[in-house]
Amino acid sequence: QQQVKQSPQSLIVQKGGISIINCAYENTAFDYFPWYQQFPGKGPALLIAIRPDVSEKKEGRFTISFNKSAKQFSLHIMDSQPGDSATYFCAASSGSARQLTFGSGTQLTVLP
Amino acid sequence: EPEVTQTPSHQVTQMGQEVILRCVPISNHLYFYWYRQILGQKVEFLVSFYNNEISEKSEIFDDQFSVERPDGSNFTLKIRSTKLEDSAMYFCASSGLTGDSSPLHFGNGTRLTVT
Numbered sequence: 002q003q004q005v006k007q008s009p010q011s012l013i014v015q016k017g018g019i020s021i022i023n024c025a026y027e028n029t030a031f032d033y034f035p036w037y038q039q040f041p042g043k044g045p046a047l048l049i050a051i052r053p054d055v056s057e058k059k060e061g062r063f064t065i066s067f068n069k070s071a072k073q074f075s076l077h078i079m080d081s082q083p084g085d086s087a088t089y090f091c092a093a094s095s096g097s098a099r100q101l102t103f104g105s106g107t108q109l110t111v112l113p
Numbered sequence: 002e003p004e005v006t007q008t009p010s011h012q013v014t015q016m017g018q019e020v021i022l023r024c025v026p027i028s029n030h031l032y033f034y035w036y037r038q039i040l041g042q043k044v045e046f047l048v049s050f051y052n053n054e055i056s057e058k059s060e061i062f063d064d065q066f067s068v069e070r071p072d073g074s075n076f077t078l079k080i081r082s083t084k085l086e087d088s089a090m091y092f093c094a095s096s097g098l099t100g101d102s103s104p105l106h107f108g109n110g111t112r113l114t115v116t
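Protein sequence lines, in the order shown, are assigned to chains A and B.
Numbering-wise, the first sequence is residues 2 to 113 according to my numbering.
Numbering-wise, the second sequence is residues 2 to 116 according to my numbering.
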């Protein structure tokens, strides 16, 4: 019940295209859903986060879509760039706790 | 921008040896964490620390693990008797008080290799 399932495992997108990564959760107590970006040799860095009281949040080229009834959320990267090539992790936590449960990660490659 | 710094970047140790991984969290942060990432797998929570005590820990964080904030700046993770399966990237993280305005900031990790 604590798991966060992430797909796809890897994604290849042409420059300028849209990258879409999906996550699903089971624990209805989760109320904070961040996305992290990780480059090789670096720690995860917060990209964008959402709470379930909104269905969408946009920051620049990055958008989170949230479907509370389906217990799913997704990251959309518009106008994908080669510099976006990284591993993306969705995560979830509940309450004020910051014990993040991470998804398994998606390795995104944006071709020039 | 303030950073979480971790040392060493790579630690090689023999099975059964003790290791101490070190972290300097962001200076005004109050919550401290250790996560680990086995190669090619997801990031897993180990422990959170607040007000000089453990606030949460996972099943992974057994009696072989301990954490300490020995002074006002460092936060350490000790593994008493390392096993081969402890080989992983260990990430320290810190955050401020509460709320979405104070998310977790991760360091660049220590790669632990147990031989």
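C-beta: ideal position from N, C-alpha, C; glycine also.
query, result
"To the nearest whole angstrom, what separates the beta carbons of residue 18 of chain B and residue 83 of chain B, a pair I think is in contact under 8 angstroms?", "6 angstroms"
"Does residue 43 of chain A have its Cβ less than 8 angstroms from a Cβ in chain B?", "yes"
"Over what stretch of residues does the beta strand (DSSP E) that includes residue 73 of chain A continue unbroken?", "73-78"
"List, in chain order, every chain A residue whose beta-carbon is nearer than 7 angstroms to that of residue 2 of chain B.", "Under the 7 angstroms cutoff, chain A gives no residues; its nearest Cβ is about 11 angstroms from residue 2 of chain B."
"Can you tell me where the beta strand (DSSP E) with residue 95 of chain B in it begins and where it stops?", "89-96"
"May I ask you to list the residues that DSSP assigns as paired with residue 21 of chain A?", "A:77"
"Would you mind sorting residue 11 of chain B into buried or exposed? The rule is 16 or more other CB atoms within 10 Å of its CB.", "exposed"
"If I follow the unbroken beta strand (DSSP E) through residue 36 of chain B, where does it start and stop?", "32-38"
"Look at the Cβ atom of residue 40 of chain B, then the Cβ atom of residue 78 of chain B, and state whether they are nearer than 8 angstroms.", "no"
"I believe residue 37 of chain A touches residue 47 of chain A by the beta-carbon criterion, under 8 angstroms. Please report the beta-carbon distance rounded to the nearest angstrom.", "6 angstroms"
"Quick check on the DSSP output: the beta strand (DSSP E) that includes residue 64 of chain A runs from which residue to which?", "63-68"
"Would you mind reading off the limits of the beta strand (DSSP E) that contains residue 15 of chain A?", "11-15"
"Give the residues from the segment 10-26 of chain A that approach chain B closer than 9 angstroms (Cβ to any Cβ), ordered along the chain.", "none"
"Please confirm if residue 56 of chain A has its CB atom under 8 angstroms from at least one CB of chain B.", "no"
"For residue 85 of chain B, name the three-state secondary structure that DSSP assigns.", "helix"
"Per DSSP, which residues does residue 7 of chain B bridge with? Please list them.", "B:24"
"Beta-carbon of residue 46 of chain A versus every beta-carbon of chain B: anything under 8 angstroms?", "yes"
"Hey, does residue 73 of chain B have any beta-carbon neighbour from chain A nearer than 8 angstroms?", "no"
"For residue 43 of chain B, which of B:109, B:73, B:90, B:25 has the nearest alpha-carbon?", "B:90"
"What residues from chain A crowd round residue 44 of chain B, counting only those whose CB sits closer than 7 angstroms?", "45, 90, 103"
"Which same chain residues, not among the five before or five after residue 75 of chain B, have their C-beta less than 8 angstroms away from its C-beta?", "23, 24, 25"
"Assuming the contact rule is C-beta atoms closer than 8 angstroms, residue 51 of chain A and residue 63 of chain A should be a hit. Round their C-beta distance to whole Å, please.", "Not a contact, Cβ separation roughly 11 angstroms."
"With DSSP as the reference, identify every bridge partner of residue 83 of chain A, one or two as the case may be.", "Residue 83 of chain A is not bridged to any residue."
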